[in-house]
Structure formats: C-alpha cells, structure tokens
C-alpha cells in the first residue's frame, strides 16, 4: 500500500491543470508570431478593437513591437483604448467604423460590447448568444473605407508589410471587398467565419472562404474562437495570407 501511494503521488505531481481557453488561444499566438517574424509585419490594423484584447495579446503573447492602429466606434471603448495605449508610442486609436463607403452609419451596441455590429442580430440558426446579442443602443458613427484609413496611416508611419485583423460581427467581407488599393499590399488578414449565422446579411463560412480566395488570399490557419460554447462550434477565425508569398512551411 505504501508503494502504491508513493507511485500515485509521483503521478499526480506530473499532471498539469490545463486552461482550455489557453489551448485555443495558444495555436493562434504561435502561428501569428511566425507570420509576423517571417514577413516582417510592421503595421497591424485592428478593426473592431473593442477593449484592446487583440492588441494586448500581440504585445504580451506574440511579442509584436510594431505599429498598431485600433479601430473602434463605441465612444466609451475609444476612451478605454486611449487610456490603456497612452504609454505605448506605437499604439494608435481611430474612433471610426469601417465599411464599404464613407459617411454616417447606424451602429448597434449589443449587451455584450464584443458583439456590437453594423448588422442586426439573427437567431434563425442558433440562439446560443441571444443574451449577448440583445441591442442596448443604436448610435450614428462616422464610417470610412479600409483604403482611406490605410492610406492615411501608411503615409504617417511608412508601413511596408501590413496585417489586418477583422472582428466586425458580419462586415468583414464587405470591408475587404471595398479595399481595392490595399489588398495587394496586405501580407494577410484574420477574419471571423460564420458556421452558424449570428447576424443578418452574412454568408456562411464556405461561401466567405471562396470569396476570400477570389480576392487573392489562401488559408494559413483556422482558429476556433468560441471555446466557451462546447460542444458546438458557432464561429471560427481564419488567418489568410496573400497568394504568392514565399513558402513558410520550412523548418
């Protein structure tokens, strides 16, 4: 019995408590780190920045030290972003919404601010996020296209290898489709794909991927982004790279 207990204690000591959220995010972080290093990314445009979660992850987990432009239209979140970025000279904040045109847009603020969108929520395919998607307010915000925003910032900081992160709750494809000038300059982008539709006017994952490929990008990685809703996957992030970049699969 004593030997059994000793073996049990040794075995327990080798076991590690694993944070499942960490497992989901770790793949994303490792993959982005390699892309940023291999292709010398020097500007990240973080569209739908919310509270700066993505930018913070790039700084703390990916080790990215270049310029970040956080794009966020909700006034309270803009204040928060400016506060947390105040000591980072290469982290900038744009208080606008990106879309397929310039001018005023109606923007829906949801109960969970991360779910806020230009699009109305849809519950036709799942009601898993019904509470989070409840519209708490609708505001008018100034919109512009990705082309104009990138042109402005590339002139300011001289970026050569930009990477785009899109988290717009249903508008990712519209933003990219309107970005005629920037697309050939992008190293790649990260975007949400809908497996179950959460917003009106959005396409399913398969159709969106075909359109991204038609724009000249190929899949580099797929990253589940709703680990808290096991066992069904509702959305997934795709990391796309511009077709024609040199192969990064060596090593």
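Residue numbers (our numbering): 2 to 252. For every residue, glycine included, the Cβ atom is placed at its ideal position computed from N, Cα and C. Please read these numbers as outputs of a predicted model, since none were measured by experiment.
Check, Outcome
"Of the residues 114, 66 and 103, which one's Cα is nearest the Cα of residue 75?", "114"
"If we ignore side chains and look at the alpha-carbon of each, how far apart do residue 66 and residue 104 end up?", "33 Å"
"Which ranges does the beta strand (DSSP E) cover as unbroken runs of at least 3 residues, wholly within the region 61–116, from first to last along the chain?", "68–72, 92–95 and 104–111"
"Which partner residues does residue 141 have in the DSSP bridge list?", "107"
"Compare the Cα-Cα distances from residue 100 to each of 147, 123 and 189 and report the closest residue.", "147"
"Mapping DSSP to helix, strand and coil, what is residue 191?", "strand"
"Hey, could you find the ends of the alpha helix (DSSP H) residue 153 is sitting in?", "147–158"
"Specify whether the region 165–172 and the region 45–55 touch according to this definition: at least 3 beta carbon pairs, one from each stretch, less than 8 Å apart.", "yes"
"For residue 134, which residues from the same chain have a beta carbon less than 6 Å from its beta carbon, with the 5 sequence-adjacent residues on both sides left out?", "111, 116 and 122"
"Rounded to whole angstroms, what's the CA-CA distance from residue 144 to residue 226? Just pull it up for me.", "27 Å"
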